[in-house]
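Student:
There are 4 protein chains.
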Amino acid sequence: MDVFDRLKAAAPDAWASYVEHDFVRRMGEGSLPEEAFRTYLVQDYLFLIQFARAYALAVYKGRSLADMRAAQAGLSAILDVEMGLHVRLCARWGLSPDDLEAATEETGTVAYTRFVLDAGAAGDLLDLHVALAPCVIGYAEIGRRLAEEIGPGLATHPYREWIGEYAGEAYQELATSARRHLGDLAARAMTESRFPDLARLFAQASRLEADFWQMALDPRGPR
Amino acid sequence: MDVFDRLKAAAPDAWASYVEHDFVRRMGEGSLPEEAFRTYLVQDYLFLIQFARAYALAVYKGRSLADMRAAQAGLSAILDVEMGLHVRLCARWGLSPDDLEAATEETGTVAYTRFVLDAGAAGDLLDLHVALAPCVIGYAEIGRRLAEEIGPGLATHPYREWIGEYAGEAYQELATSARRHLGDLAARAMTESRFPDLARLFAQASRLEADFWQMALDPRGPR
Amino acid sequence: MDVFDRLKAAAPDAWASYVEHDFVRRMGEGSLPEEAFRTYLVQDYLFLIQFARAYALAVYKGRSLADMRAAQAGLSAILDVEMGLHVRLCARWGLSPDDLEAATEETGTVAYTRFVLDAGAAGDLLDLHVALAPCVIGYAEIGRRLAEEIGPGLATHPYREWIGEYAGEAYQELATSARRHLGDLAARAMTESRFPDLARLFAQASRLEADFWQMALDPRGPR
Amino acid sequence: MDVFDRLKAAAPDAWASYVEHDFVRRMGEGSLPEEAFRTYLVQDYLFLIQFARAYALAVYKGRSLADMRAAQAGLSAILDVEMGLHVRLCARWGLSPDDLEAATEETGTVAYTRFVLDAGAAGDLLDLHVALAPCVIGYAEIGRRLAEEIGPGLATHPYREWIGEYAGEAYQELATSARRHLGDLAARAMTESRFPDLARLFAQASRLEADFWQMALDPRGPR
């Protein structure tokens with residue numbers, strides 16, 4: 296059992312509330328309302344910007360040049376690749392770059408992103424990466440599970456692009472590498488007496504991810 | 296019109312959504328369910344801990360010894376005075392210190408507190424205090440308005456302690472001094488071209504405060 | 296062997312270069328030029344301001360209310376007690392508060408203080424306290440050793456106030472408690488694979504402390 | 296007079312102590328001892344690592360995606376281009392990558408780099424870039440002046456590579472763009488009442504740069 300599995304095992308309810316959330320289930324069934332998915336896409340774009348800041352924080356906090364280069368590769372992947380992919384995906388769902396720029400962060404987006412950034416600013420790299428893990432590693436788990444459940448029907452599934460991206464080999468490898476990195480960080484700065492704090496951090500991050508899905512299902516009021 | 300008034304004028308809807316929130320209105324009318332108030336009290340206790348961290352951040356970021364001493368007085372007031380008052384208020388509403396310690400931060404609590412801390416970590420002291428202003432200065436405005444509306448009936452009002460504290464002279468003076476401090480910070484580092492960013496920050500903080508009230512009204516599910 | 300002893304044992308040369316520095320030896324012998332001591336006093340005043348910021352950072356980074364209160368006690372001790380003592384000591388050496396305010400930080404002061412603050416900002420509380428240890432705990436060791444060497448002659452020794460303060464019971468207890476705290480932090484977040492990084496941090500901090508003494512001995516040029 | 300010129304004009308002695316330092320003069324005359332240049336090269340390598348962290352901090356502190364992308368380009372330029380150039384330059388002076396890895400930061404290197412990082416962590420982007428300006432923009436000024444003084448003799452000058460790099464078009468453009476960026480930041484967050492603080496920051500950074508040169512001239516003791 297690696298650290299990621301231990302963290303999940305220590306927070307089974309929080310983890311289930313996230314990876315088995317209604318949003319995920321309905322996306323898999325293809326019954327997720329398009330409007331909810333669009334809301335998600337817009338907030339996820341705003342999420343990515345803060346996510347890039349988290350990787351910049353990891354570069355700043357790097358203890359070695361190797362650490363810094365690895366985090367910088369992650370930062371560059373977000374700013375130079377993922378955001379472009381996301382903008383294109385949004386375009387296919389009728390959302391223009393202007394729509395994205397004009398959007399305001401919802402409370403659920405603020406909560407998870409600033410929680411991660413604060414955990415990283417106040418703690419060490421291990422805290423930062425534990426707080427990021429539900430997102431970085433969890434999306435790979437969700438994507439793969441949905442792809443397996445859907446099977447050959449994926450080619451015509453309404454959410455094939457999202458599922459295909461996270462179930463795809465490139466993302467699965469990225470998650471495997473993030474998982475190994477988490478193990479390396481834990482081998483350095485995790486003792487058994489620290490584990491409960493990390494488990495609480497992971498549980499809270501998982502609940503905030505669940506609320507991020509929920510936010511997309513909730514009816515929008517004017518802000 | 297001082298800076299605080301300008302910020303409110305630039306974000307009238309967000310400000311109204313906060314200071315005229317249903318939670319506030321029903322507290323004034325005495326019709327707020329006790330359970331909602333208890334939920335609020337517990338989350339506000341967790342809020343205070345993060346609030347203390349924000350003042351510690353202000354000490355760390357102080358440019359002069361005078362700055363540092365002022366922020367340290369605020370930090371000390373929270374840790375040494377306000378938290379004790381809060382614990383006693385909670386006790387009168389049937390909430391023990393153990394209840395407070397055992398509580399988990401709700402998404403709305405995480406959102407506003409970490410938003411403030413991140414605004415302060417990423418920005419300067421002006422950003423930090425603009426993000427804090429809806430809370431520090433806004434509570435004085437809400438308390439005074441409710442006290443005026445209620446008038447002599449306050450003595451037997453179910454929420455007389457909360458309203459009395461924030462309408463009271465001590466808190467009103469604290470808010471006046473916070474407002475003057477905000478003006479001083481703005482005189483130093485605010486230009487007209489920066490104002491729109493600060494107004495956006497203030498609007499977002501106000502919306503997050505509104506969601507903090509809302510959180511107490513929403514039915515609790517198991518977490 | 297507690298963590299502090301292990302850190303010293305891992306960096307014997309750096310530690311000796313600090314605690315057995317010429318400045319210390321000559322202070323003990325009473326042969327330290329008064330001008331060097333005055334230079335030291337002025338820079339140490341500027342050092343204290345940054346030191347207070349380090350404790351504010353520790354409050355901000357606290358993982359629990361107990362952590363935060365402990366760090367806040369340290370912060371308050373510096374701002375409310377130690378700085379006053381220092382100003383009075385300076386006055387007896389002919390240095391007015393205006394002299395202190397007008398002084399510019401020397402490179403050696405900048406180096407150690409910002410090194411500590413950066414270690415704390417980029418790392419965790421253990422990094423911060425390891426970087427502070429040569430100062431907080433080392434001064435107790437230096438003070439006690441000098442007091443023992445001087446013996447009854449301390450009453451008329453030219454540097455009796457400085458030596459007496461750090462050899463005194465109050466400071467010795469503070470250092471003992473800092474040492475215990477360092478042990479607690481290490482029990483939580485130090486593994487053997489992390490130890491070499493901490494030893495390097497401690498060695499560098501010790502060298503910077505040695506250079507802080509040296510700065511006071513070096514002839515001053517105009518700046 | 297742009298902001299950079301105003302900052303120089305407000306700190307003429309500190310600026311002159313840096314750009315007209317003996318190290319610079321003797322490099323221009325070709326009389327700088329090779330050993331001093333090697334010491335400088337090693338410390339400058341360690342400096343670059345911290346410099347990269349400063350740009351990562353700027354990404355983290357970015358207020359907009361455009362800000363973040365600009366800072367990320369700077370970070371990437373340091374990690375992916377400049378460090379490689381530096382390693383090659385070091386190789387031509389007989390310094391292997393292992394020599395660089397094994398080196399310890401001198402006090403002067405710690406002082407300037409951590410001063411910049413702390414100014415940026417405690418302040419805003421303007422503080423960070425004012426602290427960086429003596430380095431980023433100052434090197435362009437020094438390089439160009441030396442190239443002009445040396446004239447056609449540069450082709451056979453012992454320090455032609457260093458001078459050529461900083462006098463060259465690519466670096467001159469980079470400095471011009473950094474200067475414009477400083478102006479943009481100042482237009483946003485600098486008022487006249489803030490200027491004296493920025494001038495003090497710039498003066499201190501310039502003095503620390505002067506001490507960085509001096510460090511290379513000072514005789515090395517064993518550490």
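Residue numbers (the working numbering), protein chains in the order written: chain A, 296 to 518; chain B, 296 to 518; chain C, 296 to 518; chain D, 296 to 518.
In this text, a Cβ means the ideal position worked out from N, Cα and C, and glycines have one as well.
1. Residues in its own chain within less than 6 Å of R321 of chain A by CB, not counting five upstream and five downstream?
2. Could you tell me whether the Cβ of V314 of chain A comes closer than 8 Å to any Cβ of chain B?
3. Is it buried or exposed for R383 of chain C, if we count other Cβ within 10 angstroms and need 16 for buried?
4. Between the segment 460-475 of chain A and the segment 430-439 of chain A, do at least 3 Cβ pairs fall closer than 8 Å?
5. Whole-angstrom Cβ separation of L420 of chain D and L336 of chain D, contact assumed at under 8 Å?
6. Buried or exposed for M510 of chain A, going by 16 or more other Cβ atoms inside 10 Å?
7. Measuring only the C-alpha atoms, how far is A450 of chain C from D393 of chain C?
8. State whether the segment 413-431 of chain A contacts the segment 473-485 of chain A, with contact taken as three or more CB pairs (one from each stretch) at a distance under 8 Å.
9. Whose C-alpha, out of B:L427, B:A397, B:I344, is nearest the C-alpha of L493 of chain B?
10. Taking 8 Å as the threshold (C-beta atoms), are L503 of chain A and Q367 of chain D in contact?
11. With respect to the alpha helix (DSSP H) encompassing M363 of chain B, which residues constitute its N-terminal and C-terminal limits?
12. When the Cα of W457 of chain B is compared with those of B:T471, B:A473, B:R440, B:S472, which residue comes out closest?
13. Cβ of A406 of chain C less than 8 Å from any chain D Cβ?
14. To the nearest angstrom, how far is it from the Cα of R474 of chain A to the Cα of G448 of chain D?
15. Quick check on DSSP: helix, strand or coil for D317 of chain A?
16. What three-state label does DSSP hand M296 of chain C in the structure shown?
17. Measure the C-alpha to C-alpha separation of S513 of chain A and F410 of chain A and round it to an integer number of angstroms.
18. Determine the chain C residues that contact T402 of chain D at a beta-carbon separation under 8 Å, and present them in chain order.
19. Thinking C-alpha only, which one of C:E315, C:S501, C:A331, C:M296 is nearest E401 of chain D?
20. My output table needs one value for H452 of chain C: the three-state DSSP class, helix, strand or coil.
21. What does the alpha-carbon distance come out to for the pair P429 of chain B and A347 of chain C?
22. How many angstroms separate the CA atom of E377 of chain D from the CA atom of F342 of chain D?
23. Is the separation between the beta-carbon of A498 of chain B and that of A311 of chain B shorter than 8 Å?
24. Thinking just about the alpha-carbon of each residue, which of B:T408, B:F507, B:A397 is nearest to the one in R495 of chain A?
25. If we define contact as Cβ-Cβ less than 8 Å, is L412 of chain A a contact residue for chain B?
26. For H452 of chain A and W508 of chain A, what's the separation of their Cα atoms in angstroms?
27. Excluding the 5 residues preceding and the 5 following Q338 of chain B in the sequence, name in chain order all residues of the same chain whose CB lies nearer than 8 Å to its CB.
28. Just to make sure I have the definition right: I need the residues of chain C whose C-beta is within less than 9 Å of the C-beta of Q367 of chain B. Which are they?
29. Buried or exposed for M554 of chain C, going by 16 or more other Cβ atoms inside 10 Å?
30. Within the 8 Å Cβ cut-off, does M363 of chain C reach chain B?
31. Assuming contact is defined by CB atoms lying nearer than 8 Å, are Y407 of chain C and H381 of chain C in contact in what I supplied?
32. First and last residue of the alpha helix (DSSP H) that includes R429 of chain A?
33. Chain D partners of K519 of chain B, CB-CB under 7 Å?
34. Where does R383 of chain C fall in DSSP's three states?
35. What does a CB cutoff of less than 7 Å around P373 of chain C pick up in its chain, not counting 5 residues either side in sequence?
36. Tell me, please, whether the CB atom of D297 of chain D is closer than 8 Å to any CB atom in chain B?
Tutor: Let's see:
1. So the qualifying residues of the chain are L327.
2. Interface residue (Cβ-Cβ distance to chain B less than 8 Å): V314 of chain A is not classified as such.
3. Exposed, by the Cβ-count rule.
4. In this structure the segment 460-475 of chain A touches the segment 430-439 of chain A; the number of beta carbon pairs closer than 8 Å is three or more.
5. Incorrect: roughly 30 Å between the Cβ atoms, too far for contact.
6. Burial call: buried.
7. The C-alpha of D393 of chain C is placed about 30 Å away from the C-alpha of A450 of chain C.
8. Below 8 Å, enough C-beta pairs join the segment 413-431 of chain A and the segment 473-485 of chain A to call them touching: three or more.
9. Comparing Cα-Cα distances from L493 of chain B to each of B:L427, B:A397, B:I344, the minimum goes to B:L427.
10. No, the pair does not count as a contact, with Cβ atoms beyond the cut-off.
11. M363 of chain B: member of the alpha helix (DSSP H) spanning 360-371, first to last residue.
12. Ranking the options by Cα distance to W457 of chain B, first place goes to B:R440.
13. Against chain D, the CB of A406 of chain C has a partner CB under 8 Å away; the residue lies at that interface.
14. So the alpha carbons of these two residues sit roughly 56 Å apart.
15. The answer is helix: DSSP assigns D317 of chain A an H, G or I state.
16. Per DSSP, reduced to three states, the secondary structure at M296 of chain C is coil, with no helix or strand assignment.
17. The question names Ser, yet the displayed sequence has Asp at residue 513 of chain A. Straight-line Cα distance between these residues: approximately 21 Å.
18. Within chain C, the residues T402, G403, A406, R502, L503, D506 have their CB atoms less than 8 Å from the CB of T402 of chain D, given in chain order.
19. The shortest C-alpha separation from E401 of chain D is found at C:S501.
20. Here H452 of chain C sits in coil by DSSP.
21. C-alpha separation (whole angstroms): 29 Å.
22. Spanning the two alpha carbons is a distance of roughly 12 Å.
23. Contact flag unset, no.
24. The shortest CA-to-CA distance from R495 of chain A to any of B:T408, B:F507, B:A397 is the one to B:A397.
25. At least one chain B Cβ lies under 8 Å of L412 of chain A.
26. Cα to Cα, the separation comes out at about 20 Å.
27. Closer than 8 Å at Cβ, skipping near neighbours: A398, E400, E401, G403, T404, F507, M510, A511.
28. Identification of chain C residues near Q367 of chain B by a Cβ-Cβ cut-off of 9 Å yields A347, A351, Q367, L370, S371, L374, D375, ordered along the chain.
29. Chain C is shown only over 296 to 518; residue 554 of chain C falls outside these bounds and no answer can be derived.
30. The C-beta of M363 of chain C comes closer than 8 Å to at least one C-beta of chain B.
31. In this structure, H381 of chain C does not lie closer than 8 Å to Y407 of chain C by Cβ.
32. It should be noted that the sequence gives Pro, not Arg, for residue 429 of chain A. Residue range 420-431 is occupied by the alpha helix (DSSP H) that includes P429 of chain A.
33. Only positions 296 to 518 of chain B appear in this structure, which leaves residue 519 of chain B out of reach.
34. Under the three-state reduction of DSSP, R383 of chain C is assigned to helix.
35. Per the sequence presented here, residue 373 of chain C reads as Ile, with Pro not at that position. Excluding sequence neighbours, I373 of chain C sits near L343, F346, A347, Y350.
36. Taking Cβ atoms only, chain B never reaches closer than 8 Å to D297 of chain D, which makes this a no.
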